[in-house]
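**Student:** Residue numbers (full-length UniProt numbering): 1 to 210.
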């Protein structure tokens, strides 16, 4: 009887060990699968954010180039002039407008050069260095565009309203086409500012989970 009890105890112990070994892989499998799904989901979200970033950059390039061309071609000559005397308004008569053209041209050029880096973030959505580079230079472009747009906006306001305290005369009643063109350029520049802010926010959202 003692020998039978020992054999039964040995068989029971081996059965318990087989059951424990059989349960161990079942407990580990969901954890591995869960990590895989999380990584794929995170990469998919960041790829979607990168695609939005690329589209916004294209819109920002259009706004920046539009502002640069509109201001850079703003000139008007009044019809009543003689051979020795004429009235003309041109963007290069005012340093603020020239700075505006330079600022928007530089920002537009940077945005064009940034497109390959934006494409890299689409191909490698989890890559951190390209996103850090974009957010840094986007901030510089925003600062430059804001400075140029603000200075030009002040001059456009004076052109429309004038300033009697400093004897600044409103010229937009005479130079109507010129004022419309420079006003449109300033509006396009402010649109560019909004898009650059949006690009910075997009990059910050993409970097949040790193």
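Quick reminder that beta carbons are idealized off the backbone N, C-alpha and C, glycines included.
For residue 95, count the other beta carbons within 10 Å of its own beta carbon; 16 or more makes it buried, fewer makes it exposed. Which is it?
**Tutor:** It is exposed - the Cβ of residue 95 has fewer than 16 other Cβ atoms within 10 Å.
**Student:** Can you tell me whether residue 116 is buried or exposed? The criterion is at least 16 other CB atoms within 10 Å of its CB, across all chains shown.
**Tutor:** Around the Cβ of residue 116, a 10 Å sphere holds fewer than 16 other Cβ atoms; the residue is exposed.
**Student:** Since I believe residue 189 is in contact with residue 149 (beta carbons under 8 Å), could you give me their beta-carbon distance rounded to a whole number of angstroms?
**Tutor:** Yes, residue 149 and residue 189 are in contact; Cβ-Cβ is about 4 Å, under 8 Å.
**Student:** Residue 70 and residue 175 - do their beta-carbons sit closer together than 7 Å?
**Tutor:** no
**Student:** For residue 29, does the count of other Cβ atoms within 10 angstroms reach 16, so buried, or fall short, so exposed?
**Tutor:** Because the pLDDT of residue 29 is 42, which lies under 50, any placement of that residue in the model is unreliable, and the question is left without a value.
**Student:** Could you pull out every residue in the same chain whose Cβ sits closer than 7 Å to the Cβ of residue 58, ignoring the five residues on either side in sequence?
**Tutor:** Within the same chain, residue 58 has no close Cβ partners at all.
**Student:** State whether the segment 143 to 158 contacts the segment 122 to 133, with contact taken as three or more CB pairs (one from each stretch) at a distance under 8 Å.
**Tutor:** no
**Student:** Would you tell me roughly how many angstroms separate the C-alpha atoms of residue 46 and residue 206, rounded to the nearest one?
**Tutor:** 6 Å
**Student:** Assign residue 163 to buried or exposed, taking buried as 16 or more other Cβ atoms, counted over all protein chains shown, within 10 Å of its Cβ.
**Tutor:** So residue 163 counts as exposed.
**Student:** Hey, how far is the Cα of residue 65 from the Cα of residue 49?
**Tutor:** When rounded, the distance between both Cα atoms is 24 Å.
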